[in-house]
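Some notes on the structure that comes next.
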Amino acid sequence: MRTHINELIHHPDTQGGQTAYIEQVRQWETQWGGGTRCSEQTPYPLMPGTAQICSGECFRCGLHGHIS
Numbered sequence: 056m057r058t059h060i061n062e063l064i065h066h067p068d069t070q071g072g073q074t075a076y077i078e079q080v081r082q083w084e085t086q087w088g089g090g091t092r093c094s095e096q097t098p099y100p101l102m103p104g105t106a107q108i109c110s111g112e113c114f115r116c117g118l119h120g121h122i123s
């Protein structure tokens, strides 16, 4: 799973990062289809500014500093 996660660029929460994220999502939907569920084989791009997966992030909001 870690291999697939590291294949995706995790963008900062900036205007440029938001634009790049939208393009990543568009490419994901083109490759896998809009109705596809994310899985270990089809990792979905992380929203800009959220914590990396498997880094102790909150499962509800995706940030650090607390656990939901």
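Count the sequence shown with the numbering used here and you get residues 56 to 123, in order. Even for Gly, the Cβ is constructed at its ideal location relative to N, Cα and C.
Distance check for residue j and residue i, CA to CA, integer angstroms please.
i: Q107; j: H66; result: 10 Å
i: H119; j: P103; result: 14 Å
i: H121; j: L101; result: 19 Å
i: R92; j: R81; result: 15 Å
i: S110; j: G71; result: 24 Å
i: T69; j: T105; result: 12 Å
i: E112; j: E84; result: 25 Å
i: I77; j: Y99; result: 12 Å
Over the uninterrupted alpha helix (DSSP H) stretch that includes residue i, give me the two end residues.
i: R81; result: 70-87
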